[in-house]
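**Q** Here it is, the structure in full.
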Amino acid sequence: MTPPRAAVSRQPLRQLKNRIATGLITAGGIGVLLAILAIGVFLIWETLPLLAWDQTFAFSKLSPLAWGTLKAALAAMLFALPIALGAAMYSALFMSARLRSRVKPALEMMEAIPGVVVGFIAGLVLAPWVERHLASTLALLIWLPISAGLAGVLWHMAASRWRKWLPLSWAGLWLLPWLVCMVLLALWFAPLLEQFLLGGDLRRLLEQHWGMDYATRNALIVGIAMGFAVIPSIYALAEDALADVPTSLMEGAQALGASRWQALWKVALPAAGPGIFSAVMIGAGRAVGETMIVLMASGNMALLSVSPFEGMRSMAAAIAIELPEASPGGLTYHHLILAALVLFIFTFLVNTLAEVVRSRMRRRYHKAGRH
Amino acid sequence: MSRFSDTPRRRLMDALWPWLCAASVALSLLMLAALLALLVVRGLGHFWPATLEEITLRSGDSVAGQPTREAPLPQADGFERLYFTANRDIDGASWRWVNLDDIASRSTPSDLIRLERNPWGDFIGRLAGVETGGQLLREDQAWRYLTQALALPQAERPDAELLLVTSDGQTLRQPLSNFSQALAPNAMSWWQKIHTWSRNVWQFLSQGPRAANTGGGVWPAIFGTVLMVILMSVIVTPFGVLAAIYLNEIAHQNRLTRLVRIGVRNLAGVPSIVYGVFGLGVFVYGIGGTLDSWFFSDTLPSPTFGTGGLLWASLTLALLTLPVVIVATEEGLARIPDAQREGAVALGATRLEMLVRIVLPMAIPAMLTGVILAVARAAGEVAPLMLVGVAKLAPQMPVDGEFPYLHLERKFMHLGYHLFDTAFHGEDVQAAIPLVYATALLLVLIVLVLNLTAIFLRHYFRRQRGSEC
Amino acid sequence: MLASLDSATASQAPVTHFSSEHCALSIDQFNLTYAGKSALRDLTLSVPRHRVTAFIGPSGCGKSTLLRAINRLHDLNESVAHSGHIQLEGQDIYAPQMNVTELRRRVGMVFQTPNPFPMSIYENVAFGLRLQHRLPKRQRDDIIEWALTSAALWDEVKDRLHRSAWQLSGGQQQRLVIARTLAVQPDVLLLDEPASALDPISTLKIEELIRNLKSQLTLVLVTHNMQQAARVSDYTAFLHNGELVEYGPTDQVFTNPRLQRTENYITGRMT
Chain Z
161 MTPPRAAVSR
171 QPLRQLKNRI
181 ATGLITAGGI
191 GVLLAILAIG
201 VFLIWETLPL
211 LAWDQTFAFS
221 KLSPLAWGTL
231 KAALAAMLFA
241 LPIALGAAMY
251 SALFMSARLR
261 SRVKPALEMM
271 EAIPGVVVGF
281 IAGLVLAPWV
291 ERHLASTLAL
301 LIWLPISAGL
311 AGVLWHMAAS
321 RWRKWLPLSW
331 AGLWLLPWLV
341 CMVLLALWFA
351 PLLEQFLLGG
361 DLRRLLEQHW
371 GMDYATRNAL
381 IVGIAMGFAV
391 IPSIYALAED
401 ALADVPTSLM
411 EGAQALGASR
421 WQALWKVALP
431 AAGPGIFSAV
441 MIGAGRAVGE
451 TMIVLMASGN
461 MALLSVSPFE
471 GMRSMAAAIA
481 IELPEASPGG
491 LTYHHLILAA
501 LVLFIFTFLV
511 NTLAEVVRSR
521 MRRRYHKAGR
531 H
Chain S
1342 MSRFSDTPRR
1352 RLMDALWPWL
1362 CAASVALSLL
1372 MLAALLALLV
1382 VRGLGHFWPA
1392 TLEEITLRSG
1402 DSVAGQPTRE
1412 APLPQADGFE
1422 RLYFTANRDI
1432 DGASWRWVNL
1442 DDIASRSTPS
1452 DLIRLERNPW
1462 GDFIGRLAGV
1472 ETGGQLLRED
1482 QAWRYLTQAL
1492 ALPQAERPDA
1502 ELLLVTSDGQ
1512 TLRQPLSNFS
1522 QALAPNAMSW
1532 WQKIHTWSRN
1542 VWQFLSQGPR
1552 AANTGGGVWP
1562 AIFGTVLMVI
1572 LMSVIVTPFG
1582 VLAAIYLNEI
1592 AHQNRLTRLV
1602 RIGVRNLAGV
1612 PSIVYGVFGL
1622 GVFVYGIGGT
1632 LDSWFFSDTL
1642 PSPTFGTGGL
1652 LWASLTLALL
1662 TLPVVIVATE
1672 EGLARIPDAQ
1682 REGAVALGAT
1692 RLEMLVRIVL
1702 PMAIPAMLTG
1712 VILAVARAAG
1722 EVAPLMLVGV
1732 AKLAPQMPVD
1742 GEFPYLHLER
1752 KFMHLGYHLF
1762 DTAFHGEDVQ
1772 AAIPLVYATA
1782 LLLVLIVLVL
1792 NLTAIFLRHY
1802 FRRQRGSEC
Chain L
43 MLASLDSATA
53 SQAPVTHFSS
63 EHCALSIDQF
73 NLTYAGKSAL
83 RDLTLSVPRH
93 RVTAFIGPSG
103 CGKSTLLRAI
113 NRLHDLNESV
123 AHSGHIQLEG
133 QDIYAPQMNV
143 TELRRRVGMV
153 FQTPNPFPMS
163 IYENVAFGLR
173 LQHRLPKRQR
183 DDIIEWALTS
193 AALWDEVKDR
203 LHRSAWQLSG
213 GQQQRLVIAR
223 TLAVQPDVLL
233 LDEPASALDP
243 ISTLKIEELI
253 RNLKSQLTLV
263 LVTHNMQQAA
273 RVSDYTAFLH
283 NGELVEYGPT
293 DQVFTNPRLQ
303 RTENYITGRM
313 T
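Heads up: the sequence lines are chains Z, S and L, in that order.
This note's numbering applies: residue 161 is where the first sequence begins, and numbers increase by one.
This note's numbering applies: residue 1342 is where the second sequence begins, and numbers increase by one.
This note's numbering applies: residue 43 is where the third sequence begins, and numbers increase by one.
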């Protein structure tokens, strides 16, 4: 039984179509990639005219902006790093799988919250509150980690029946009410402490004794707000890196008599080191380039100060404010484009470094998995 | 002999360390929950018809208003409370701080009303009467007349004048045409309040801003955001998919391709403001300026395309989200087993036929995910828009009945920028804050829903494929 | 005609050359390098028409590489270079005027793991047909029924032709892939370890199918499984390190190999 062979052949047309489409996709693809890469070319091209101008002026204009950018990023990293890395370690190594499958997306959602919303909350809600409750805020920053440790100590002292009820693998969830209580406790206690120890208002004390100015929108606020914004990206990448560490490594260390914490500290962290490094790099890149949060929470004064209670102006914020008003071709215009170029190069380098480190690590595990 | 010795320090660390880490997770969740709760409560609470209070001060004055918050006195012990008293035309201000110690009595009389008007903002006080056609209506009659008149469309409302009395006894007379809504919140039942609340939410979503952004809604901003995002996806989808197909299916896989791939991936991490600078320099000043000098030279020096506008904003955001789409699509393409490609080719398919009939249909979920992520990113992005085309209050919508119906050169309103502008450059920030909360909530909801859709899609298709393989 | 061919196998001299009328594929001094590394060296053999020829050898010996070279699948990979000739019915398949898609239609290929497309059973079989011809639906349905029947699948799937092909079992999927290939009526069918991912019963079905199909076309089977080669093939070629070690009628290669190396491999002393 053989079917009739069909005679109509579509060969030549098919080949032609294939050739034309391949050519079009190639042209389109290369075109798109070139358009993306054109960003760098444009920025360099537009900063070239600056070479003809006086360099010292550019330096004096850009250095407060550069400092502001660094200060904001530093403040954010100081706030975000401990929280993000701690959360990553906990959710990769201690958390129950069921809780993890819910907490991870929740924290990923945190990344999606637009900067302008975070900036608004920081600038108009958090900043005035912190200004009125400076002592409470600082007390909270110190008290929260202590209270977490306290929870651990209490747990270890508690009866084993209690421990079964409140397992460590679900601590990320049931610590929530504990933390809320601790926050309330700190808020109730801090003013009393302020009254008792410092004899009044901490802010006035700062101004009178140490001559520190207090601006409503300052590095502290920016640190908290932008920290909030970069926690999820650092957390996600660091968590992936830690979760990629083969469980056999951890189990091997624990079989040798290491405690969980030692296995984490001596085995998992070094093994995931490059991944964590690249997570931190990407977080730093985000913090440096974030515009709206700094714009709304920093006060935008181009200052060269190290005080955490004073504001700053970052390069990104300066571009957003000044560039629409700068006449194209003018000196300010070129200076701002130089600032954009610096941002571009910095973030590009940082991201490339992170990517290279990460892919190298992945290749290493690939090999380790094979042997 | 183990190098892991059992020491007191080790035991302490074992007890402390996991808890500090667990607390980090709890703290992150707490912050996220606090932020969302704040937005929900303040954003949605604003539309609730709040109870109006009438207080008598020790000095004998009487004040009516909506209590908003309390704060400790700046210089002395004790607290003060902020009242929204409205009546800016009479008092010169619509807010009043009252020292709690000064208050002699508080009450919530049911005849206190709150009227929305166009000049001067809201009125809080009592309705003394309505004068219409030489006839004076009083009490319940007047109130019924007023609510019925306001329920009619603007054009059909009768001519009438309202006689109003403030809490401290001043009277004023204003035409009905000034007013848009009348509420007596203290006399309302729960059901009526819920009804009013949903009507207020609807007005917020469907109306334009009024009274320097302190009232009204955000419809033009929603419209502008959506239109811009749609235009952007129309631009970014084909180009992103094209580039991904080229990179993954056609280009020779060598060192250069790998470099380009890393480059594209890293561009996703370049700050959005840099894209804004590029958009301003190349699209607005470069291409827009050239277009102006070619086609719109009669209107120069006032620019047509040589200034920020819808088209340039969409293009800039398309460029910004291009890496997102490329990376997502490429991931989808890479996940398709080579066996599928070889199977098609072994049957005599050309490369185009293989791509169109086998590879692309299988990569559609990945592309969709990429586009949704791009849209979510673009919807929340404000910084580049400040350079390439949003307006505080756009005089004209970018779509209207005038040829060519879609005006790509016009400026447009954007939710994120509207939020920023109202919160930081508004005239009466205090009065605008509730609306800012509502706008922020709306923006967060839009972005979260988009992201959740992307996550859901990815999981759904991954699971589907996993079960079928 | 075929009898004379088979009678030749009885003589001691190994049969590695067939006259052009009996020869479907002839490979002549074929070399192939993969990223600079030599994968096939100086291969010369010819495959008889309407017979099953098995390529056996340890993994990495180049048997799959050779199979893919016959279908020109290496064209998708730039790091592959070749020299020498492969002729299909007397036509050099690497000649510049050769139409690759037409070649691939004439040389069907079935892979190790079943790779049905993510569409219905019907569409899977129709895929190749739609590329080649614009057929009236009746005629297309006939061909599809014929192909599925030839692949011994029709009775199992005739009631659910429009269900997803991914819902079939592994063995059914592999027979579907064979049907898909048969639908475009190839002259040669290359099978790259078609049963290695299947359970024993599905494997038996595939083997039976292979034996039945040789009345229609020429089959080349790459396999790891010595018993399988012995069960289904008429001729066996033993490859090692990219070279052809021994080639001849299956009975002879398995019962009376000429070379020690072949015997070692067949008896399992070398892997």
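For each residue, glycine too, the CB sits at the ideal point set by N, CA and C.
Note that the coordinates shown come from a computational prediction; the quantities given were computed from them, not determined experimentally.
Rounded to whole angstroms, what's the CA-CA distance from L/Pro178 to S/Ala1592? Just pull it up for me.
**A** Residue 178 of chain L sits at position 136 when you count from the first residue of the third sequence. Residue 1592 of chain S sits at position 251 when you count from the first residue of the second sequence. As the crow flies, the alpha-carbon of L/Pro178 is around 38 angstroms from that of S/Ala1592.
**Q** If we cut at 8 angstroms on Cβ distances, does S/Val1686 have a partner in chain L?
**A** To locate residue 1686 of chain S, count along the second sequence from 1; it is residue 345. By this cut-off, S/Val1686 is an interface position.
**Q** Can you list, in chain order, the residues of its chain whose CB lies under 8 angstroms from that of Z/His495, leaving out five sequence neighbours each side?
**A** Translated into the one-based positions of the first sequence, residue 495 of chain Z becomes position 335. Answer for Z/His495: Leu210, Ala218, Lys221 and Leu222, listed in chain order.
**Q** Take S/Ile1614 as the anchor and find which of S/Pro1644, S/Val1723 and S/Ser1518 has the nearest alpha-carbon.
**A** Reading the second sequence from its first residue, position 273 is the one you call residue 1614 of chain S. A check of alpha carbon separations from S/Ile1614 across S/Pro1644, S/Val1723 and S/Ser1518 identifies S/Val1723 as the nearest.
**Q** Leaving out five residues on either side along the sequence, give the residues of the same chain with a beta carbon under 8 angstroms from the beta carbon of S/Ser1451.
**A** Counting from 1 along the second sequence, the entry for residue 1451 of chain S is found at position 110. Around S/Ser1451: Ala1525, Asn1527 and Ala1528.
**Q** If we ignore side chains and look at the alpha-carbon of each, how far apart do Z/Ile442 and L/Ser206 end up?
**A** In the first sequence, the residue the question calls residue 442 of chain Z occupies position 282. In the third sequence, the residue the question calls residue 206 of chain L occupies position 164. Rounded to the nearest angstrom, the two C-alpha atoms are 43 angstroms apart.
**Q** I need the straight-line Cα distance from L/Ala123 to L/Gly284, nearest angstrom please.
**A** Within the third sequence, the letter at position 81 stands for residue 123 of chain L. Within the third sequence, the letter at position 242 stands for residue 284 of chain L. Using only the alpha carbons, I get a separation of about 14 angstroms.
**Q** Within 10 angstroms of the Cβ of Z/Lys231, are there 16 or more other Cβ atoms? Answer buried if so, exposed if not.
**A** What you label residue 231 of chain Z is simply residue 71 of the first sequence in a count that begins at 1. Z/Lys231 comes out buried.
**Q** Against L/Gln258, what residues of chain S qualify as contacts under a CB-to-CB distance less than 7 angstroms, listed in chain order?
**A** Counted from its first residue, the third sequence places residue 258 of chain L at position 216. Within chain S, no residue comes near L/Gln258; the closest Cβ sits about 17 angstroms away, beyond 7 angstroms.
**Q** Report buried or exposed for S/Leu1441, applying the criterion of at least 16 other Cβ atoms within 10 angstroms of its Cβ.
**A** The residue you call residue 1441 of chain S lines up with position 100 of the second sequence. S/Leu1441 is exposed by the Cβ-count criterion.
**Q** Can you confirm whether the region 187-199 of chain L touches the region 1655-1669 of chain S when touching is taken to mean that 3 or more C-beta pairs between the two stretches lie within less than 8 angstroms?
**A** no
**Q** Might you give, ordered along the chain, the residues of its own chain that have their beta carbon closer than 6 angstroms to the beta carbon of Z/Pro224, omitting 5 neighbours on each side?
**A** Here residue 224 of chain Z refers to the residue found at position 64 of the first sequence. Cβ within range, chain order: Ala462 and Leu464.
**Q** At the 8 angstroms Cβ level, is L/Met140 part of the contact set with chain S, yes or no?
**A** Numbered from 1 along the third sequence, position 98 holds the residue referred to as residue 140 of chain L. For L/Met140, the answer is no, since every Cβ of chain S falls outside 8 angstroms of its Cβ.
**Q** What is the DSSP secondary structure of S/Thr1662, counted as helix, strand or coil?
**A** As a position in the second sequence, residue 1662 of chain S is number 321, starting the count at 1. Note: S/Thr1662 maps to helix in three-state DSSP.
**Q** Which chain S residues are close to L/Val151, counting only those with a beta carbon under 7 angstroms from its beta carbon?
**A** Taking the first residue of the third sequence as 1, we reach residue 151 of chain L at position 109. Reading off the sequence, residue 151 of chain L comes out as Met, not Val. Under a criterion of Cβ atoms nearer than 7 angstroms, the residues of chain S adjacent to L/Met151 are, in order, Ala1687.
**Q** Short check: CB of S/Cys1362 to CB of Z/Phe388, under 8 angstroms?
**A** As a first step, residue 1362 of chain S must be located in the second sequence, where it is residue number 21. As a first step, residue 388 of chain Z must be located in the first sequence, where it is residue number 228. For S/Cys1362 and Z/Phe388, no; Cβs fall outside 8 angstroms.
**Q** Please report how far the alpha carbon of Z/Ile199 lies from the alpha carbon of L/Ile248, in whole angstroms.
**A** To locate residue 199 of chain Z, count along the first sequence from 1; it is residue 39. To locate residue 248 of chain L, count along the third sequence from 1; it is residue 206. About 58 angstroms.
**Q** May I ask you to list, following chain order, the residues of the region 1655-1677 of chain S that have a beta carbon less than 8 angstroms from some beta carbon of chain L?
**A** none
**Q** Terminal residues of the continuous beta strand (DSSP E) containing Z/Val405?
**A** Here residue 405 of chain Z is taken as the residue at index 245 of the first sequence, counted from 1. Z/Val405 -> no beta strand (DSSP E), and no H or E assigned at all.
**Q** Looking at the structure shown, is L/Val94 part of a helix, part of a strand, or coil, going by DSSP?
**A** Position 52 of the third sequence, counted from the first residue, corresponds to residue 94 of chain L. Strand.
**Q** Looking at the strands, I want to know which residues DSSP matches up with L/Gln129.
**A** As a working mapping, residue 129 of chain L is identified with position 87 in the third sequence. DSSP lists L/Ser68 and L/Asp134 as partners of L/Gln129.
**Q** If you draw a straight line from the alpha carbon of S/Leu1714 to that of S/Leu1701, how long is it in whole angstroms?
**A** Numbered from 1 along the second sequence, position 373 holds the residue referred to as residue 1714 of chain S. Numbered from 1 along the second sequence, position 360 holds the residue referred to as residue 1701 of chain S. So the two alpha carbons sit approximately 19 angstroms from each other.
**Q** My output table needs one value for Z/Asn460: the three-state DSSP class, helix, strand or coil.
**A** Start at 1 with the first residue of the first sequence, and residue 460 of chain Z comes out as number 300. DSSP places Z/Asn460 in coil when its eight states are reduced to three.
**Q** With DSSP as the reference, label Z/Tyr374 as helix, strand or coil.
**A** Within the first sequence, residue 374 of chain Z is the residue found at index 214, counting from 1. Looking at Z/Tyr374 - three-state DSSP - the assignment turns out to be coil, as it is neither helix nor strand.
**Q** With a threshold of 16 other CB atoms inside 10 Å of the CB of L/Met140, please say whether the residue is buried or exposed.
**A** The residue labelled residue 140 of chain L in the question sits at position 98 within the third sequence. Exposed, by the Cβ-count rule.
**Q** Checking contacts by CB at 8 angstroms: is L/Gln129 closer than that to chain S?
**A** Stepping through the third sequence from its first residue, residue 129 of chain L is reached at position 87. No, L/Gln129 does not count as interfacial toward chain S.
**Q** Which chain S residues are close to L/Ala227, counting only those with a beta carbon under 7 angstroms from its beta carbon?
**A** Residue mapping note: residue 227 of chain L aligns to position 185 of the third sequence, counting from 1. Position check: residue 227 of chain L holds Gln in this sequence, whereas Ala was assumed. Chain S residues near L/Gln227: none, gap ~11 angstroms exceeds 7 angstroms.
**Q** L/Glu120 versus chain S: which residues are under 9 angstroms apart at the beta carbon?
**A** Looking up residue 120 of chain L in the third sequence gives position 78. Within chain S, the residues near L/Glu120 are His1593, Gln1594 and Asn1595.
**Q** Can you list, in chain order, the residues of its chain with a C-beta nearer than 7 angstroms to that of Z/Tyr250? Leave out the 5 residues immediately preceding and following it.
**A** Counted from its first residue, the first sequence places residue 250 of chain Z at position 90. Contacts found: Gly332.
**Q** Do you know offhand how far L/Arg147's Cα is from L/Leu231's?
**A** Counting from one through the third sequence, the residue named residue 147 of chain L turns up at place 105. Counting from one through the third sequence, the residue named residue 231 of chain L turns up at place 189. If I take the Cα positions, the gap works out to 10 angstroms.
**Q** Using a Cβ-Cβ cut-off of less than 7 angstroms, give me the residues of the region 1352-1369 of chain S that come near chain Z, in sequence order.
**A** Within the region 1352-1369 of chain S, the residues whose Cβ lies closer than 7 angstroms to some Cβ of chain Z are Met1354, Asp1355, Ala1356, Leu1357, Trp1358, Pro1359, Trp1360, Leu1361, Cys1362, Ala1363, Ala1364, Ser1365, Val1366, Ala1367, Leu1368 and Ser1369, listed in chain order.
**Q** For Z/Val517, decide whether its Cβ has a neighbour in chain S, counting only Cβ atoms nearer than 8 angstroms.
**A** Residue mapping note: residue 517 of chain Z aligns to position 357 of the first sequence, counting from 1. Closer than 8 angstroms: no.
**Q** Less than 8 angstroms between the C-beta atoms of L/Leu261 and L/Val94, yes or no?
**A** By 1-based counting over the third sequence, the position of residue 261 of chain L is 219. By 1-based counting over the third sequence, the position of residue 94 of chain L is 52. Contact flag set, yes.
**Q** Just to check my reading of the structure: L/Ile128 and L/Phe72 have Cβ atoms closer than 8 angstroms, yes? What is that Cβ distance to the nearest angstrom?
**A** For the purposes of this step, residue 128 of chain L is taken as the residue at position 86 of the third sequence. For the purposes of this step, residue 72 of chain L is taken as the residue at position 30 of the third sequence. A Cβ-Cβ distance of about 6 angstroms is found for the pair L/Ile128 and L/Phe72, placing them in contact under the 8 angstroms criterion.
**Q** Beta-carbon within less than 6 angstroms of S/Gly1673's beta-carbon, same chain only, minus the 5 sequence neighbours each way: which residues are those?
**A** Here residue 1673 of chain S corresponds to residue number 332 of the second sequence, with the count starting at 1. The residues are Ala1704 and Ala1707.
**Q** Chain S beta carbons: is any one of them nearer than 8 angstroms to that of L/Gln214?
**A** The residue given as residue 214 of chain L occupies position 172 in the third sequence. False, the Cβ-Cβ gap to chain S never drops below 8 angstroms.
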